[in-house]
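The block underneath contains the structure these notes are about, expressed in C-alpha coordinates.
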Amino acid sequence: MDSLMRIIDSIKLNFEAFFNISPDQHYEPLLRSLLLAVAVWVCLTVLRSLFFRPTESTQLPLPPGSYGWPIIGETMRLMKGSKKPGAFARQRMERYKTTVFKTSILGERMAAFCGPAANKFLFSNENRFVVTWWPRSTQSIFPLSIITSHSSRKLLTSFLRPEYLRLHISTMDAFTRSHMDAEWAKKSQLKAAHLVKYYTFALACRLFANIDDPDHVSKLKDELEVVVSGVLQVPVKLPGTRYYKAMKAAETIRKELAAVIKQRRVDLMEKNIVSSAQDLLSYLLVTGDDDGQFMTEGEIIDNILLLLFAGHDTTSCAMTLVMKNLGELPHIYNEVFREQREIAMSKKDGELLNWDDIQKMKYSWNVVNETLRLTPPVPAAFRNAISDISYAGFTIPKGWKIYWNSYVTHNSADYFPMPEKFDPTRFEGDGPAPYTFIPFGGGPRMCPGKEFARLQILVFLHNVVKRFRWESEVHGEKIEIHNGMPRPVQGLPIRLQPNIL
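In the working numbering, the protein residues as written are 61 to 561.
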(Lines of atoms letter the chains of each structure in order from A; the text may use other names.)
(Lines give C-alpha, C1' and ligand atoms only; values in the text may rest on other atoms or scores of the structure.)
Protein backbone atom coordinates (compact mmCIF):
# COMPACT_ATOMS: atom_id res chain seq x y z
CA MET A 61 0.00 0.00 0.00
CA ASP A 62 2.89 2.38 0.75
CA SER A 63 4.23 1.76 -2.74
CA LEU A 64 0.81 2.52 -4.23
CA MET A 65 0.56 5.80 -2.30
CA ARG A 66 4.00 6.84 -3.52
CA ILE A 67 2.97 6.12 -7.09
CA ILE A 68 -0.20 8.19 -6.58
CA ASP A 69 1.85 11.08 -5.18
CA SER A 70 4.18 10.86 -8.18
CA ILE A 71 1.23 10.93 -10.59
CA LYS A 72 -0.21 13.98 -8.85
CA LEU A 73 3.09 15.83 -9.15
CA ASN A 74 3.38 15.10 -12.87
CA PHE A 75 -0.32 15.27 -13.75
CA GLU A 76 -0.38 18.80 -15.16
CA ALA A 77 2.64 18.17 -17.40
CA PHE A 78 1.30 14.84 -18.65
CA PHE A 79 -2.14 16.22 -19.58
CA ASN A 80 -0.69 19.54 -20.73
CA ILE A 81 -3.09 21.56 -18.54
CA SER A 82 -2.66 24.30 -15.98
CA PRO A 83 -3.09 23.59 -12.25
CA ASP A 84 -6.16 25.82 -11.93
CA GLN A 85 -8.22 23.60 -14.26
CA HIS A 86 -10.74 21.19 -12.69
CA TYR A 87 -9.38 17.74 -13.34
CA GLU A 88 -10.32 15.90 -10.11
CA PRO A 89 -12.84 13.51 -11.79
CA LEU A 90 -10.26 12.54 -14.41
CA LEU A 91 -7.58 12.16 -11.73
CA ARG A 92 -9.81 9.89 -9.63
CA SER A 93 -10.49 7.72 -12.69
CA LEU A 94 -6.80 7.49 -13.48
CA LEU A 95 -5.87 6.61 -9.89
CA LEU A 96 -8.54 3.90 -9.82
CA ALA A 97 -7.09 2.45 -13.01
CA VAL A 98 -3.62 2.51 -11.46
CA ALA A 99 -4.90 0.74 -8.33
CA VAL A 100 -6.52 -2.01 -10.41
CA TRP A 101 -3.34 -2.33 -12.50
CA VAL A 102 -1.21 -2.69 -9.35
CA CYS A 103 -3.49 -5.42 -7.98
CA LEU A 104 -3.42 -7.36 -11.25
CA THR A 105 0.36 -7.01 -11.49
CA VAL A 106 0.83 -8.31 -7.93
CA LEU A 107 -1.51 -11.25 -8.56
CA ARG A 108 0.27 -12.11 -11.78
CA SER A 109 3.65 -12.02 -10.05
CA LEU A 110 2.37 -14.29 -7.25
CA PHE A 111 0.51 -16.90 -9.26
CA PHE A 112 1.78 -16.69 -12.84
CA ARG A 113 5.52 -16.37 -12.57
CA PRO A 114 7.24 -17.01 -15.89
CA THR A 115 9.70 -19.84 -16.15
CA GLU A 116 13.22 -18.45 -16.22
CA SER A 117 16.39 -20.26 -17.14
CA THR A 118 18.22 -21.76 -14.15
CA GLN A 119 21.48 -22.25 -16.00
CA LEU A 120 22.63 -18.66 -15.53
CA PRO A 121 21.37 -15.92 -13.21
CA LEU A 122 19.52 -12.83 -14.29
CA PRO A 123 21.65 -9.69 -14.56
CA PRO A 124 21.96 -7.59 -11.39
CA GLY A 125 19.73 -4.55 -11.10
CA SER A 126 16.38 -3.27 -9.90
CA TYR A 127 12.87 -3.23 -11.36
CA GLY A 128 12.06 -0.04 -9.45
CA TRP A 129 8.45 0.77 -8.53
CA PRO A 130 5.53 -1.45 -9.62
CA ILE A 131 4.28 -0.55 -13.11
CA ILE A 132 6.41 2.55 -13.65
CA GLY A 133 9.65 0.72 -12.85
CA GLU A 134 12.64 3.01 -13.32
CA THR A 135 11.03 5.04 -16.10
CA MET A 136 10.93 8.22 -14.01
CA ARG A 137 14.58 7.81 -13.05
CA LEU A 138 15.50 7.43 -16.70
CA MET A 139 13.53 10.56 -17.59
CA LYS A 140 15.09 12.52 -14.71
CA GLY A 141 18.47 11.75 -16.23
CA SER A 142 17.57 13.76 -19.35
CA LYS A 143 19.76 16.65 -18.16
CA LYS A 144 22.75 14.29 -18.13
CA PRO A 145 22.28 11.93 -21.08
CA GLY A 146 23.78 8.52 -20.48
CA ALA A 147 23.92 8.97 -16.71
CA PHE A 148 21.20 6.37 -16.10
CA ALA A 149 23.26 3.60 -17.72
CA ARG A 150 26.66 4.75 -16.45
CA GLN A 151 25.50 4.95 -12.82
CA ARG A 152 24.18 1.39 -12.92
CA MET A 153 27.26 0.06 -14.67
CA GLU A 154 29.37 1.50 -11.85
CA ARG A 155 26.98 0.27 -9.16
CA TYR A 156 26.74 -3.32 -10.41
CA LYS A 157 30.24 -3.56 -11.92
CA THR A 158 28.90 -5.03 -15.16
CA THR A 159 28.06 -4.09 -18.74
CA VAL A 160 24.57 -5.59 -18.55
CA PHE A 161 21.94 -4.94 -15.89
CA LYS A 162 18.22 -5.47 -15.46
CA THR A 163 15.65 -2.72 -15.10
CA SER A 164 12.02 -1.95 -15.89
CA ILE A 165 11.14 0.85 -18.30
CA LEU A 166 7.80 1.76 -19.85
CA GLY A 167 6.12 -1.18 -18.15
CA GLU A 168 8.55 -3.74 -19.58
CA ARG A 169 11.25 -5.83 -17.96
CA MET A 170 14.49 -4.99 -19.69
CA ALA A 171 18.15 -5.80 -19.86
CA ALA A 172 20.40 -2.84 -20.58
CA PHE A 173 23.35 -3.72 -22.82
CA CYS A 174 26.35 -1.38 -22.57
CA GLY A 175 29.67 -1.14 -24.41
CA PRO A 176 31.09 -2.13 -27.81
CA ALA A 177 30.94 -5.89 -27.14
CA ALA A 178 27.25 -5.57 -26.28
CA ASN A 179 26.65 -3.43 -29.36
CA LYS A 180 28.35 -6.04 -31.54
CA PHE A 181 26.28 -8.82 -29.99
CA LEU A 182 22.99 -7.02 -30.64
CA PHE A 183 23.81 -5.84 -34.16
CA SER A 184 25.20 -9.26 -35.16
CA ASN A 185 22.22 -11.23 -33.88
CA GLU A 186 19.30 -9.33 -35.39
CA ASN A 187 16.51 -11.79 -36.29
CA ARG A 188 18.46 -14.59 -34.56
CA PHE A 189 18.16 -13.62 -30.90
CA VAL A 190 16.64 -10.14 -31.09
CA VAL A 191 14.30 -8.08 -33.25
CA THR A 192 13.41 -4.40 -33.33
CA TRP A 193 10.98 -3.27 -30.67
CA TRP A 194 9.28 0.04 -29.93
CA PRO A 195 7.25 1.13 -26.89
CA ARG A 196 3.48 0.66 -27.22
CA SER A 197 2.87 4.39 -27.58
CA THR A 198 5.26 4.48 -30.54
CA GLN A 199 3.89 1.33 -32.15
CA SER A 200 0.34 2.67 -32.10
CA ILE A 201 1.47 5.69 -34.13
CA PHE A 202 4.14 4.03 -36.28
CA PRO A 203 3.22 0.34 -36.78
CA LEU A 204 6.23 -1.85 -36.06
CA SER A 205 5.54 -3.80 -39.26
CA ILE A 206 6.76 -0.91 -41.41
CA ILE A 207 10.27 -1.27 -40.03
CA THR A 208 10.34 -5.08 -39.67
CA SER A 209 8.89 -5.80 -43.14
CA HIS A 210 11.73 -7.09 -45.30
CA SER A 211 10.09 -6.08 -48.59
CA SER A 212 9.23 -2.57 -47.38
CA ARG A 213 12.73 -2.02 -46.05
CA LYS A 214 14.25 -3.24 -49.30
CA LEU A 215 12.17 -0.78 -51.34
CA LEU A 216 13.07 2.12 -49.05
CA THR A 217 16.74 1.17 -49.05
CA SER A 218 16.66 1.06 -52.84
CA PHE A 219 15.29 4.62 -53.00
CA LEU A 220 17.72 5.86 -50.34
CA ARG A 221 20.84 4.26 -51.82
CA PRO A 222 23.67 6.67 -52.77
CA GLU A 223 23.39 5.99 -56.51
CA TYR A 224 19.81 7.22 -56.47
CA LEU A 225 20.15 10.05 -53.97
CA ARG A 226 23.02 11.61 -55.92
CA LEU A 227 20.44 12.51 -58.58
CA HIS A 228 18.69 14.75 -56.01
CA ILE A 229 21.71 16.74 -54.78
CA SER A 230 21.04 19.63 -57.16
CA THR A 231 17.41 19.74 -55.99
CA MET A 232 18.60 19.82 -52.37
CA ASP A 233 21.04 22.63 -53.13
CA ALA A 234 18.52 24.75 -55.05
CA PHE A 235 15.95 24.28 -52.29
CA THR A 236 18.49 25.24 -49.62
CA ARG A 237 19.56 28.39 -51.45
CA SER A 238 15.95 29.48 -51.77
CA HIS A 239 15.34 28.76 -48.09
CA MET A 240 18.38 30.82 -47.07
CA ASP A 241 17.20 33.75 -49.19
CA ALA A 242 13.70 33.67 -47.73
CA GLU A 243 14.34 32.83 -44.06
CA TRP A 244 17.93 33.75 -43.16
CA ALA A 245 19.37 36.47 -45.39
CA LYS A 246 17.42 39.43 -43.99
CA LYS A 247 17.89 38.57 -40.31
CA SER A 248 20.67 39.49 -37.92
CA GLN A 249 19.29 37.50 -34.98
CA LEU A 250 17.28 34.29 -34.95
CA LYS A 251 16.66 31.04 -33.14
CA ALA A 252 18.39 28.48 -35.30
CA ALA A 253 16.63 25.40 -33.93
CA HIS A 254 13.23 26.56 -35.19
CA LEU A 255 14.40 27.49 -38.69
CA VAL A 256 16.50 24.36 -39.10
CA LYS A 257 13.57 22.18 -38.09
CA TYR A 258 11.30 23.87 -40.63
CA TYR A 259 13.97 23.54 -43.33
CA THR A 260 14.57 19.81 -42.83
CA PHE A 261 10.86 19.04 -42.75
CA ALA A 262 10.08 21.16 -45.81
CA LEU A 263 12.89 19.50 -47.77
CA ALA A 264 11.66 16.05 -46.71
CA CYS A 265 8.14 16.97 -47.91
CA ARG A 266 9.60 18.06 -51.23
CA LEU A 267 11.73 14.96 -51.82
CA PHE A 268 9.39 12.34 -50.39
CA ALA A 269 5.99 13.54 -51.63
CA ASN A 270 6.65 16.62 -53.81
CA ILE A 271 4.71 18.78 -51.33
CA ASP A 272 6.06 22.31 -51.66
CA ASP A 273 3.13 24.61 -50.90
CA PRO A 274 4.25 26.56 -47.76
CA ASP A 275 0.79 26.48 -46.17
CA HIS A 276 0.49 22.74 -46.70
CA VAL A 277 3.99 22.17 -45.32
CA SER A 278 3.27 24.32 -42.25
CA LYS A 279 0.02 22.47 -41.58
CA LEU A 280 1.73 19.09 -41.74
CA LYS A 281 4.59 20.34 -39.58
CA ASP A 282 2.23 21.61 -36.88
CA GLU A 283 0.47 18.25 -36.77
CA LEU A 284 3.78 16.39 -36.66
CA GLU A 285 4.90 18.51 -33.70
CA VAL A 286 1.91 17.12 -31.82
CA VAL A 287 2.85 13.58 -32.85
CA VAL A 288 6.42 14.07 -31.64
CA SER A 289 5.26 15.29 -28.23
CA GLY A 290 3.16 12.16 -27.68
CA VAL A 291 5.21 9.39 -29.23
CA LEU A 292 6.96 8.50 -25.94
CA GLN A 293 4.10 9.07 -23.51
CA VAL A 294 2.11 6.63 -21.38
CA PRO A 295 -0.35 5.06 -23.88
CA VAL A 296 -3.54 6.20 -22.15
CA LYS A 297 -6.09 7.12 -24.81
CA LEU A 298 -7.94 9.78 -22.83
CA PRO A 299 -8.88 13.20 -24.26
CA GLY A 300 -6.41 15.81 -23.13
CA THR A 301 -3.37 13.56 -22.91
CA ARG A 302 -0.42 14.12 -25.21
CA TYR A 303 -0.73 10.55 -26.39
CA TYR A 304 -4.39 11.06 -27.38
CA LYS A 305 -3.52 14.29 -29.20
CA ALA A 306 -0.66 12.53 -31.00
CA MET A 307 -2.98 9.77 -32.21
CA LYS A 308 -5.43 12.36 -33.56
CA ALA A 309 -2.64 14.34 -35.25
CA ALA A 310 -1.28 11.19 -36.90
CA GLU A 311 -4.77 10.47 -38.27
CA THR A 312 -4.90 13.98 -39.73
CA ILE A 313 -1.53 13.56 -41.44
CA ARG A 314 -2.58 10.19 -42.86
CA LYS A 315 -5.70 11.77 -44.36
CA GLU A 316 -3.57 14.52 -45.91
CA LEU A 317 -1.18 11.98 -47.40
CA ALA A 318 -4.08 9.87 -48.69
CA ALA A 319 -5.34 12.90 -50.61
CA VAL A 320 -1.85 13.47 -52.05
CA ILE A 321 -1.68 9.81 -53.13
CA LYS A 322 -5.10 10.01 -54.79
CA GLN A 323 -3.99 12.99 -56.88
CA ARG A 324 -0.64 11.37 -57.65
CA ARG A 325 -2.34 8.27 -59.06
CA VAL A 326 -4.35 10.52 -61.37
CA ASP A 327 -1.20 12.35 -62.46
CA LEU A 328 0.63 9.10 -63.15
CA MET A 329 -2.28 7.70 -65.19
CA GLU A 330 -2.53 10.91 -67.20
CA LYS A 331 1.27 11.09 -67.51
CA ASN A 332 1.34 14.55 -65.96
CA ILE A 333 4.62 13.59 -64.28
CA VAL A 334 7.66 13.30 -66.55
CA SER A 335 9.59 10.93 -64.29
CA SER A 336 7.59 8.36 -62.36
CA ALA A 337 10.37 8.16 -59.78
CA GLN A 338 10.84 11.87 -59.09
CA ASP A 339 10.09 11.40 -55.39
CA LEU A 340 9.60 8.59 -52.90
CA LEU A 341 5.82 8.59 -53.26
CA SER A 342 5.89 8.01 -57.01
CA TYR A 343 8.67 5.46 -56.58
CA LEU A 344 6.62 3.41 -54.12
CA LEU A 345 3.49 3.63 -56.28
CA VAL A 346 5.17 2.28 -59.42
CA THR A 347 7.78 -0.09 -57.94
CA GLY A 348 6.99 -3.60 -56.74
CA ASP A 349 9.04 -5.98 -54.62
CA ASP A 350 10.90 -9.05 -55.89
CA ASP A 351 7.60 -10.93 -56.16
CA GLY A 352 5.90 -8.14 -58.08
CA GLN A 353 3.78 -7.14 -55.09
CA PHE A 354 3.13 -3.45 -54.47
CA MET A 355 2.75 -1.69 -51.15
CA THR A 356 -0.80 -0.97 -50.07
CA GLU A 357 -1.85 2.65 -49.71
CA GLY A 358 -1.72 2.28 -45.93
CA GLU A 359 1.84 0.93 -46.04
CA ILE A 360 2.97 3.80 -48.27
CA ILE A 361 1.39 6.34 -45.94
CA ASP A 362 2.98 4.76 -42.85
CA ASN A 363 6.43 4.70 -44.44
CA ILE A 364 6.27 8.30 -45.61
CA LEU A 365 4.95 9.40 -42.22
CA LEU A 366 7.87 7.66 -40.50
CA LEU A 367 10.41 9.26 -42.84
CA LEU A 368 8.84 12.70 -42.38
CA PHE A 369 9.14 12.17 -38.63
CA ALA A 370 12.82 11.30 -39.02
CA GLY A 371 13.42 14.23 -41.37
CA HIS A 372 11.62 16.54 -38.98
CA ASP A 373 13.48 15.62 -35.82
CA THR A 374 16.65 13.57 -36.01
CA THR A 375 18.32 15.40 -38.91
CA SER A 376 17.30 18.84 -37.69
CA CYS A 377 18.64 17.94 -34.26
CA ALA A 378 22.04 17.06 -35.75
CA MET A 379 22.15 20.25 -37.86
CA THR A 380 21.24 22.46 -34.91
CA LEU A 381 23.95 20.95 -32.73
CA VAL A 382 26.54 21.32 -35.51
CA MET A 383 25.63 25.01 -35.72
CA LYS A 384 25.94 25.31 -31.95
CA ASN A 385 29.44 23.85 -32.00
CA LEU A 386 30.57 26.03 -34.92
CA GLY A 387 29.21 29.14 -33.20
CA GLU A 388 31.15 28.37 -30.02
CA LEU A 389 34.37 27.10 -31.63
CA PRO A 390 35.68 29.68 -34.16
CA HIS A 391 38.77 27.62 -35.03
CA ILE A 392 36.55 24.70 -36.06
CA TYR A 393 34.28 27.04 -38.04
CA ASN A 394 37.31 28.47 -39.89
CA GLU A 395 38.43 25.02 -41.04
CA VAL A 396 34.93 24.17 -42.26
CA PHE A 397 34.70 27.54 -44.02
CA ARG A 398 38.05 26.97 -45.72
CA GLU A 399 36.90 23.62 -47.09
CA GLN A 400 33.50 24.91 -48.22
CA ARG A 401 35.03 28.06 -49.72
CA GLU A 402 37.31 25.96 -51.94
CA ILE A 403 34.31 24.04 -53.23
CA ALA A 404 32.28 27.21 -53.80
CA MET A 405 35.14 28.92 -55.66
CA SER A 406 35.49 25.94 -57.99
CA LYS A 407 31.89 26.33 -59.19
CA LYS A 408 30.62 28.55 -61.97
CA ASP A 409 28.20 31.30 -61.05
CA GLY A 410 24.86 29.67 -60.20
CA GLU A 411 26.20 26.13 -60.63
CA LEU A 412 24.67 23.69 -58.15
CA LEU A 413 26.42 21.13 -55.98
CA ASN A 414 27.00 17.61 -57.29
CA TRP A 415 28.17 14.26 -55.94
CA ASP A 416 31.87 15.04 -56.41
CA ASP A 417 31.50 18.22 -54.34
CA ILE A 418 29.95 16.24 -51.48
CA GLN A 419 32.88 13.80 -51.50
CA LYS A 420 35.29 16.71 -50.95
CA MET A 421 33.61 17.70 -47.67
CA LYS A 422 35.76 15.38 -45.56
CA TYR A 423 36.59 17.72 -42.69
CA SER A 424 33.01 19.01 -42.59
CA TRP A 425 31.73 15.45 -42.23
CA ASN A 426 34.25 14.78 -39.46
CA VAL A 427 32.79 17.81 -37.64
CA VAL A 428 29.32 16.34 -38.06
CA ASN A 429 30.49 12.96 -36.76
CA GLU A 430 32.11 14.55 -33.71
CA THR A 431 28.82 16.32 -33.03
CA LEU A 432 26.98 13.00 -33.36
CA ARG A 433 29.47 11.42 -30.96
CA LEU A 434 28.93 14.01 -28.24
CA THR A 435 25.16 14.34 -28.71
CA PRO A 436 23.65 11.54 -30.82
CA PRO A 437 20.13 12.52 -32.01
CA VAL A 438 18.88 9.01 -31.23
CA PRO A 439 20.68 8.25 -27.96
CA ALA A 440 18.99 4.92 -27.27
CA ALA A 441 16.93 2.16 -28.86
CA PHE A 442 15.25 -1.13 -28.01
CA ARG A 443 15.21 -4.76 -29.07
CA ASN A 444 12.98 -7.72 -28.16
CA ALA A 445 14.52 -11.04 -27.12
CA ILE A 446 12.89 -13.73 -29.28
CA SER A 447 14.62 -16.56 -27.38
CA ASP A 448 16.48 -17.01 -24.11
CA ILE A 449 19.84 -15.26 -24.43
CA SER A 450 23.04 -16.12 -22.60
CA TYR A 451 25.34 -13.12 -22.50
CA ALA A 452 28.23 -12.05 -20.24
CA GLY A 453 27.41 -14.80 -17.74
CA PHE A 454 23.73 -13.91 -17.44
CA THR A 455 20.41 -15.09 -18.86
CA ILE A 456 18.06 -12.71 -20.65
CA PRO A 457 14.67 -14.51 -20.76
CA LYS A 458 12.67 -14.69 -23.96
CA GLY A 459 10.20 -11.82 -24.16
CA TRP A 460 12.37 -9.38 -22.25
CA LYS A 461 13.19 -6.10 -23.94
CA ILE A 462 16.76 -4.91 -24.44
CA TYR A 463 17.84 -1.30 -24.09
CA TRP A 464 21.08 0.02 -25.56
CA ASN A 465 22.54 3.50 -25.24
CA SER A 466 25.11 5.08 -27.56
CA TYR A 467 26.27 7.59 -24.93
CA VAL A 468 27.96 4.77 -23.01
CA THR A 469 30.68 4.34 -25.64
CA HIS A 470 30.51 7.77 -27.30
CA ASN A 471 31.49 9.53 -24.08
CA SER A 472 33.90 6.96 -22.68
CA ALA A 473 37.58 7.80 -22.22
CA ASP A 474 38.33 4.13 -22.92
CA TYR A 475 37.48 4.67 -26.59
CA PHE A 476 37.70 8.44 -27.04
CA PRO A 477 40.52 10.12 -25.07
CA MET A 478 39.38 13.35 -23.40
CA PRO A 479 35.80 12.55 -24.47
CA GLU A 480 34.45 15.98 -23.47
CA LYS A 481 36.77 17.71 -25.98
CA PHE A 482 35.41 18.54 -29.45
CA ASP A 483 37.99 17.00 -31.79
CA PRO A 484 37.00 16.15 -35.39
CA THR A 485 40.42 14.57 -36.03
CA ARG A 486 39.18 11.48 -34.17
CA PHE A 487 37.52 10.48 -37.42
CA GLU A 488 40.58 10.75 -39.64
CA GLY A 489 42.21 7.60 -40.97
CA ASP A 490 40.55 4.43 -39.70
CA GLY A 491 38.45 6.41 -37.21
CA PRO A 492 36.99 4.98 -33.99
CA ALA A 493 37.21 1.32 -33.04
CA PRO A 494 34.35 -0.89 -34.29
CA TYR A 495 31.05 -0.67 -32.40
CA THR A 496 32.13 2.37 -30.35
CA PHE A 497 30.55 5.00 -32.64
CA ILE A 498 26.95 4.06 -33.40
CA PRO A 499 24.79 7.15 -34.10
CA PHE A 500 22.93 5.29 -36.86
CA GLY A 501 22.72 1.94 -35.09
CA GLY A 502 24.30 -1.05 -36.78
CA GLY A 503 23.82 -4.42 -38.40
CA PRO A 504 20.82 -5.24 -40.62
CA ARG A 505 18.76 -2.55 -38.87
CA MET A 506 21.20 0.30 -39.41
CA CYS A 507 19.25 3.45 -40.24
CA PRO A 508 18.33 3.22 -43.95
CA GLY A 509 18.27 7.02 -44.15
CA LYS A 510 21.92 7.42 -43.14
CA GLU A 511 23.08 8.53 -46.58
CA PHE A 512 20.10 10.84 -47.05
CA ALA A 513 20.88 12.46 -43.70
CA ARG A 514 24.55 12.87 -44.69
CA LEU A 515 23.67 14.60 -47.96
CA GLN A 516 21.05 16.83 -46.36
CA ILE A 517 23.37 17.91 -43.54
CA LEU A 518 26.34 18.62 -45.82
CA VAL A 519 24.29 20.55 -48.39
CA PHE A 520 22.86 22.68 -45.60
CA LEU A 521 26.27 23.14 -43.98
CA HIS A 522 27.81 24.24 -47.30
CA ASN A 523 25.17 26.92 -47.79
CA VAL A 524 24.98 28.27 -44.26
CA VAL A 525 28.78 28.44 -43.79
CA LYS A 526 29.32 29.93 -47.24
CA ARG A 527 26.85 32.74 -46.56
CA PHE A 528 27.10 33.45 -42.83
CA ARG A 529 29.19 33.65 -39.72
CA TRP A 530 27.40 33.47 -36.39
CA GLU A 531 27.89 33.64 -32.67
CA SER A 532 25.80 31.90 -30.03
CA GLU A 533 24.02 34.42 -27.82
CA VAL A 534 24.03 31.89 -24.99
CA HIS A 535 27.55 30.47 -24.89
CA GLY A 536 27.55 26.97 -23.49
CA GLU A 537 23.77 26.68 -23.82
CA LYS A 538 22.61 23.55 -22.02
CA ILE A 539 21.48 20.49 -23.93
CA GLU A 540 18.63 18.41 -22.53
CA ILE A 541 16.73 15.41 -23.82
CA HIS A 542 13.25 16.52 -24.87
CA ASN A 543 10.80 14.11 -26.51
CA GLY A 544 13.62 11.59 -26.70
CA MET A 545 16.16 13.84 -28.46
CA PRO A 546 18.88 16.28 -27.36
CA ARG A 547 18.00 19.95 -27.88
CA PRO A 548 19.41 23.34 -26.84
CA VAL A 549 17.08 24.44 -24.04
CA GLN A 550 16.67 27.98 -25.44
CA GLY A 551 16.42 27.07 -29.14
CA LEU A 552 19.96 28.21 -30.04
CA PRO A 553 19.62 32.01 -30.38
CA ILE A 554 22.42 33.32 -32.63
CA ARG A 555 23.69 36.56 -34.18
CA LEU A 556 24.26 36.34 -37.94
CA GLN A 557 26.79 38.20 -40.08
CA PRO A 558 27.02 37.96 -43.88
CA ASN A 559 30.10 36.10 -45.07
CA ILE A 560 32.48 37.11 -47.85
CA LEU A 561 34.03 34.41 -50.01
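All residues carry an ideal CB built from backbone N, CA and C; glycine is no exception.
All of these numbers come straight from a predicted model, not from anything done at the bench.
- Beta-bridge annotation (DSSP): Asn-471 is not paired with any residue.
- The alpha-carbon of Gly-348 is positioned some 29 Å away from that of Thr-374.
- Counting every other CB atom within 10 Å of its CB across the protein chains shown gives Gln-353 a total below 16, marking it as exposed.
- In the three-state reduction of the DSSP assignment, Ala-178 falls in the helix class.
- Relative to the Cα of Ala-253, the nearest Cα in the group Pro-548, Asn-559 and Leu-561 belongs to Pro-548.
- At a Cβ-Cβ threshold of 9 Å, Glu-359 and Ser-212 count as neighbours.
- Between the alpha carbons of Asn-394 and Asn-426 lies a gap of roughly 14 Å.
- When secondary structure is reduced to three states using DSSP, Met-379 falls in the helix class.
- Beyond the five residues adjoining it in sequence on each side, Arg-152 comes within less than 6 Å, by CB distance, of Phe-161 in the same chain, given in chain order.
- Only residues of its own chain outside the window of five on either side were considered, and among them Leu-263 and Arg-266 have a CB closer than 7 Å to the CB of Phe-235, listed in chain order.
- For Arg-221, there is no enclosing beta strand (DSSP E), as DSSP marks it with neither H nor E.
- The alpha-carbon of Asn-270 is positioned some 9 Å away from that of Leu-340.
- With a 10 Å radius around the Cβ and a threshold of 16 neighbouring Cβ atoms, Glu-311 comes out exposed.
- Thr-260 and Asn-414 have their C-alpha atoms some 19 Å from each other.
- Remark: fewer than three beta-carbon pairs, one from each stretch, lie closer than 8 Å, so the region 153-173 and the region 479-496 are not flagged as touching.
- Counting only runs of at least 3 residues, the region 247-326 fully encloses the following beta strand (DSSP E) elements, listed from N- to C-terminal order: 249-251.
- In the DSSP assignment, Arg-529 is bridged to Gln-557.
- In this structure, the alpha-carbon of Gly-503 lies about 28 Å from that of Lys-144.
- Around the Cβ of Ile-560, a 10 Å sphere holds fewer than 16 other Cβ atoms; the residue is exposed.
- Per DSSP, Phe-173 is one residue of the beta strand (DSSP E) stretching across 168-173.
- For Arg-443, DSSP records a beta bridge to Thr-192 and Ile-462.
- In the DSSP secondary-structure assignment, Ser-164 is bridged to Arg-169.
- Taking all protein chains shown into account, Pro-295 has 16 or more neighbouring C-beta atoms within 10 Å of its C-beta and is therefore buried.
- Closest option to Leu-182, judged by alpha-carbon separation, among Asn-385, Met-405 and Ile-456: Ile-456.
- In the structure shown, Ser-200 falls within a coil segment according to DSSP collapsed to helix, strand and coil.
- Here Glu-511 really is in contact with Leu-220; their C-beta atoms are around 6 Å apart, less than 8 Å.
- Taken through DSSP and simplified to helix, strand or coil, Thr-374 comes out as helix.
- When the five nearest sequence neighbours on each side are left out, the beta carbons in the same chain lying within less than 6 Å of the beta carbon of Leu-255 are those of Glu-243, in order along the chain.
- Only buried fits Arg-324, as 16 or more other CB atoms lie within 10 angstroms of its CB.
- The C-alpha of Arg-314 is placed about 32 Å away from the C-alpha of Trp-460.
- In this chain, the alpha helix (DSSP H) harbouring Met-240 covers 229-243.
- Remark: C-beta atoms of Tyr-475 and Thr-496 approach each other more closely than 9 Å.
- Distances from the CA of Ile-403 to each of Gly-387, Arg-486 and Val-519 were compared; the closest alpha carbon is that of Val-519.
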